[in-house]
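One structure is given here, and the rest of the page talks about it.
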Amino acid sequence: MAPRSQLEITTSAVLRLIKEEESYRREAEQQNERIAKLEAQDPSADENRDYMLKQERAALDETVRIFPSLKQKIEESITKLDGLLIEEGKKGAESNVEHINAAKEAIAKARVAEREIA
Numbered sequence: 001m002a003p004r005s006q007l008e009i010t011t012s013a014v015l016r017l018i019k020e021e022e023s024y025r026r027e028a029e030q031q032n033e034r035i036a037k038l039e040a041q042d043p044s045a046d047e048n049r050d051y052m053l054k055q056e057r058a059a060l061d062e063t064v065r066i067f068p069s070l071k072q073k074i075e076e077s078i079t080k081l082d083g084l085l086i087e088e089g090k091k092g093a094e095s096n097v098e099h100i101n102a103a104k105e106a107i108a109k110a111r112v113a114e115r116e117i118a
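Its first residue numbered 1, the sequence shown is counted upward by one per residue in full-length UniProt numbering.
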C-alpha cells in the first residue's frame with residue numbers, strides 16, 4: 001500500500017477538527033440545558049443546586065474558551081490544505097482527482113464550522 005500523501009493527511013486533519021468543533025458545540029448546548037434545568041428548580045428543594053450551578057457554569061466557560069483556538073487551528077488547516085490543493089492541481093494528469101474532491105469537500109465543511117464558531 002502506498003504511503004498517504006500530504007493532501008490526504010491534511011484533509012483528514014481538517015475533518016478531525018470539524019468533528020472536534022461539533023463535539024464541543026454539542027457539549028456547550030448540553031451544558032446550557034443543564035444550567036437552565038438547574039435554574040428552574042426551586043432553590044429550597046435541593047441544597048446542592050447552587051454548587052451544581054457553579055460547576056456547570058465553570059464547565060460551560062471552559063468549553064466556550066476552547067472555540068477561539070479551535071477556530072484558529074481550522075483556519076490554519078484550511079490554508080495549508082488550499083496550498084496543497086494548488087500543488088496537486090499543478091501535477092496535471094498525475095493529480096489524484098479523488099483526493100482533490102475530498103479536500104474541497106473538507107474545506108467547505110470547515111468553512112461552515114468556522115461560521116458556526118463565530
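Yeah, the Cβ is synthetic: ideal placement off N, Cα and C, and Gly gets one too.
Of the residues R26, G92, H99, the one whose Cα lies closest to the Cα of A113 is R26. Comparing C-alpha distances from I78 to each of T11, I117, Q6 shows the shortest one belongs to T11. For Q30, the enclosing alpha helix (DSSP H) has its first and last residue at 6-40. Shown here for I100: same chain residues with a beta carbon closer than 6 Å to its own, the five before and five after excluded, namely E88 in chain order. Pairing L60 with Q31 gives a Cβ-Cβ distance under 8 Å. Judged by DSSP in its simplified three-state form, D46 adopts coil rather than helix or strand.
Taking the CA atoms as reference points, K19 sits about 22 Å from L85. Sequence-distant Cβ neighbours of P43 in its own chain, meaning closer than 7 Å and more than five residues away, are R49. In the three-state reduction of the DSSP assignment, P68 falls in the helix class, which pools H, G and I. In this structure, the CA atom of E21 is about 34 Å from the CA atom of E94. Ranked by Cα distance from V14, the first of A45, L81, E116, V97 is L81.
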